[in-house]
Amino acid sequence: MMLDYESLRLIWWALLGILLIGFAVMDGFDLGTAVLLPLVARTDLERRVALNTVGPVWEGNQVWFILGGGAIFAAWPTLYAASFSGFYLAMFLVLLTLILRPAGFKYRSKVADARWRTFWDWALVAGGVVPSLVFGVAFGNLFLGVPFSFDDDLRFKPAISLLSLLNPFALLVGLVSLSMIALHGAAWLNMKTRETVQARARQIMPIAALSYSVLFALAGLWLWQMNGYAITGQLAHDGPSNPMLKSVTRSADGWLATKSVILLIPVILAYAGAIGAALLRSRPGTAFFFSALVPVGTIATAGVALFPFLLPSSTNPNASLTVWDASSSELTLGIMLGAVVIFLPIVLAYTAWVYRVLRGPVRETDITQNSKTAY
Amino acid sequence: MDIVELSRLQFAVTALYHFLFVPLTLGLSVLLGIMETVYVMTGKQIWRDLTKFWGILFGINFAMGVATGLTMEFQFGTNWAYYSQYVGDVFGAPLAIEGLMAFFLEATFVGLFFFAWDKLSKVQHLIATWALAIGTNLSALWILIANGWMQYPVGARFNADTMRMEVSDFMAVLFNPVAQAKFVHTVSAGYVTGSVFVLAISAIYLLRGHHIEFAKRSMTVAASFGLASALSVVVLGDESGYTAGENQKMKIAAIEAMWKTEAAPASFTLVGLPDLATHTTKFEVKIPWMLGLIATRSLNKQVPGIDDLVDDAHKRIKDGLIAYRALLAVKKNPGDSAVRAELDAHVANLGYALLLKSVRADIENATDDQIRAAATSTIPDVPTLFWSFRLMVALGFWFIALFATAFWLSANRRLQSHRWFLQLAAFSLPLPWIAAELGWIVAEYGRQPWVIEGVLPTALGVSSTEANNVLFSLLGFAFFYSALLIVDLYLLRKYISLGPEEALAPAEAMPAAAE
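In order, the protein sequence lines correspond to chains A and B. Position one of the first sequence corresponds to residue 1271 (my numbering), numbered consecutively onward. Position one of the second sequence corresponds to residue 2 (my numbering), numbered consecutively onward.
Set out below in structure tokens:
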């Protein structure tokens, strides 16, 4: 392997961002479709139209989430251990609602009973709203820092309660995430349906875009005056992955000030996406492309602002996880990079083919004619 | 219950639930591929209906596999944080590659399988179906490479600077003989499950005189595929894997309830009553030579008994304590190369010293009695393993007999005339699930007290979260999974009683309309 440990860590930091963006872009529109289900679709037929736009693809999309989990495990095991056990109840809530999704899609239309179908509709809505909100809340807490440390054996020791995670700033970031997912779902439905569902989705797009824009700006202003974290003294970029070997202080510079120029790029991308999606909504394909830029810009903004931190500790800043001391070994990072370089293009190629096969809108007649096999 | 017991119970509940759905997905996906291949080769409409109908049942089951699988991917982090920190460098890689190489393939093409019958050519759709089946099976391969490493942790070494295990030889992790044996054994068991499912439901149709042509063809496919798979499960069984793993001797001894080392070749205890308190097995019925042959493939190598293995563990704990003391010295003075060399010389047994952590934090001061007790704690639950293994193996032989009979009857076109056989086949429907769950118990419960055999005791692997949180999530998962299982069984029953003609839309069941 020609790359050194420092470069591999940087590449895996970027890949972490790419995988999260992949998740938000690909799974985002089917989560968003579920979020908007009661708003865009009132009758059973309308709901089936909306659900069948994502029916054949949502399972593949959700693999971005599973791959994200696996990649964090393999490349950032300390972050995997810390974040999922630290946010225990939040993660449990996300898992429970996500568990309902496969059953919701598959089982909902298999029984012709109104209460049965309404139950699964709301299960799917929960499976869209809760993860979208909670992931945002989790991201918000990263900027504030989370109370944890490590003992002598590098055992992660959290002092986190679910209520402490639900602070005003984190909730605001949760709403940023929810509005972003809602916009993306509306843009998808605008592209993949016709008739009433499309009309309602199109009405929602500017509202979602405006909500996102305002909330994103508010979160940015809040971040501007918030204290950040900074590494003081030496931290070798190719040193051992042991987060207890450095010193970190709270820094009055904040998360944004030192990176304001470079941060302009993702911020502009996010706003271009939101504005473009709202203004071009009568050209559904283009608008969907723009709405996909919103998660790209949003997640890149958060990632770059936090860099080199992954999970700062509020109670023992020295224990914070950073890009330089929370990764896998050099060998594992190299092997995993090889696996990504080989397999991700293959995945993207057949995914593109599948979307091509399934191209075109879902109409009400598609449901009535395939009533027994459609979702 | 403390957090270790709660976390273990939650893992067992979620894994055993997940494993209710996985074997059927593995087997049925390949059967769908076979049925659709026959359709594409013969062009006969009934094979298309066969594929679509079994596909509906596959889909209902698949949704549950996806739902319960999601928890598995994240549970290592939520509930086994120290495990994830300690071995994530090795264990995380196969899980991530599973997502990248296998689960993407499976989950992307499952959509085409259900929704693209009219959007693809015959051959294209067949490719989609096989991509789904191959993805499913590759998924099992990577999961079992990860699991195989828990049983036999090759290709990794301890790093004192990061306080964890790190990959030293990835090829050794990939081609771990235990993982290979487990993969063959597990997918074969999945094929048996799928075949019994098809065989039993078809038998019910024949008994009721419904869907005759449909059921006979399904049975023919299930009989031949099932016979090959049932033979593969037993012949290429897991045992070859145990022998390859030097450190799985305790599991073998526990499965056999072999307390004392016997002169080679050891005999195999067919049945008996293992007694943990006295380290004896009452009312033994033994087959001479058999165990020695199975476990060592020889007549002169010894199979060590439990008591000798405990003595061995005792020595290894003492040796591990030397490594542990050296590790403490390295932590105090990372530059001291003499203590690092000392650590390296004894690091192979560090995990054994960690067994003492359940007793006291300052294990370097452990008393001789505590070391003796820790050595005894390496004995797994002998009676449970002894009986689980025997029941599983008995079921394995039952499946061979069942499929051999089905194969013979179907080759002679006499399936319909033997109602006793159809009743036996229908009665066998739940058996592969029982065998699969027992297999999980033998493999994973039999690994205790280790989460990584010889490297990390299970009790150390848990997260430092509050026990009440785990109790809450355990109850939540148990409730949700049970509710979903009831729904799943209800829908399977509903579609099985509807039968192929009713379940498939009329427009699609009729050849003229579809072609």
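Beta carbons: idealized from backbone N, C-alpha and C, even for Gly.
- Along the stretch 288-356 of chain B, the alpha helix (DSSP H) occurs as fully enclosed runs of 4 or more residues at 291-297, 307-333, 338-347, 351-355, listed in sequence order.
- At least one beta carbon of chain A lies nearer than 8 Å to the beta carbon of GLY78 (chain B).
- Under a criterion of Cβ atoms nearer than 9 Å, the residues of chain A adjacent to VAL168 (chain B) are, in order, SER1598, SER1599, LEU1601, THR1602, ILE1605.
- Distances from the alpha-carbon of ALA1544 (chain A) to those of A:TYR1482, A:LEU1491, A:ILE1605 put A:TYR1482 closest.
- Assignment of ASP276 (chain B) by DSSP, reduced to helix, strand and coil, places it in the strand class.
- Contacts with chain B at 8 Å (Cβ-Cβ) include PHE1426 (chain A).
- For a Cβ distance threshold of 8 Å, nothing in chain B lies close to ILE1291 (chain A): the least Cβ distance comes to about 16 Å.
- Closest in C-alpha terms to ASP345 (chain B), from the list B:VAL360, B:ASP363, B:LEU356, B:GLY321, comes B:GLY321.
- Rounded to whole angstroms, LEU1290 (chain A) and TRP1334 (chain A) show a C-alpha spacing of 8 Å.
- Counting only Cβ-Cβ distances below 7 Å, MET1361 (chain A) has contacts in chain B at PHE75, THR79, in chain order.
- Interface annotation, GLY1298 (chain A): not in contact with chain B, CB-CB separation never under 8 Å.
- Between GLU1600 (chain A) and TRP409 (chain B), the alpha-carbon positions lie close to 57 Å from each other.
- In the assembly as shown, ASN148 (chain B) is a buried residue. Its beta-carbon has 16 or more other beta-carbons within 10 Å.
- By the Cβ rule, the stretch 419-436 of chain B does not count as touching the stretch 50-58 of chain B, because fewer than three pairs are nearer than 8 Å.
- Leaving aside the five residues that flank ALA1562 (chain A) on each side, the residues in its chain whose CB is nearer than 6 Å to its CB run, in chain order, VAL1295.
- Pairwise C-beta distances place the stretch 413-424 of chain B out of contact with the stretch 364-377 of chain B, as fewer than three of them are shorter than 8 Å.
- By the Cβ criterion, the stretch 192-201 of chain B is in contact with the stretch 25-43 of chain B, since at least three pairs of Cβ atoms, one from each stretch, lie closer than 8 Å.
- Separation of the CB atoms of LEU1526 (chain A) and TRP1492 (chain A) is rounded to 10 Å, and the pair is thereby denied contact status at 8 Å.
- THR1519 (chain A) is positioned such that its CB atom lies no closer than 8 Å to that of PRO1417 (chain A).
- Using a Cβ distance threshold of 8 Å, PRO1631 (chain A) and GLY112 (chain B) do not count as a contacting pair.
- At least one C-beta of chain B is nearer than 8 Å to the C-beta of GLY1325 (chain A).
- Assigned with DSSP and collapsed to three states, THR130 (chain B) falls in helix.
- Put simply, of B:ILE47, B:PHE404, B:TYR325 the residue whose alpha carbon is nearest the alpha carbon of ALA216 (chain B) is B:ILE47.
- Residues of chain A whose Cβ lies closer than 7 Å to the Cβ of ILE98 (chain B) are, in chain order, ALA1609.
- By the criterion of at least three beta-carbon pairs nearer than 8 Å, the stretch 105-122 of chain B is not in contact with the stretch 181-194 of chain B.
- For TYR1499 (chain A), the beta-bridge partners assigned by DSSP are A:ARG1520.
- Taken through DSSP and simplified to helix, strand or coil, GLU167 (chain B) comes out as strand.
- ALA1351 (chain A) sits away from PHE1413 (chain A), with the two beta carbons spaced by 8 Å or more.
- The C-beta of ASN1512 (chain A) comes closer than 8 Å to at least one C-beta of chain B.
- As the crow flies, the alpha-carbon of THR385 (chain B) is around 21 Å from that of LYS183 (chain B).
- Closer than 8 Å to the CB of LYS1462 (chain A) there is not a single CB belonging to chain B.
- Taking C-beta separations shorter than 6 Å and ignoring five residues to either side along the sequence, the partners of TRP1328 (chain A) in its chain run ASP1300, following chain order.
- Residues of the stretch 174-190 of chain B with a Cβ closer than 8 Å to any Cβ of chain A: none.
- Runs of the alpha helix (DSSP H) lying entirely within the stretch 1351-1381 of chain A, each at least 4 residues long, are 1358-1377 in chain order.
- With respect to the 8 Å criterion, TRP131 (chain B) and GLY34 (chain B) are classified as neighbours on the basis of their beta carbons.
- According to the DSSP assignment, ALA157 (chain B) belongs to the beta strand (DSSP E) that extends over 157-160.
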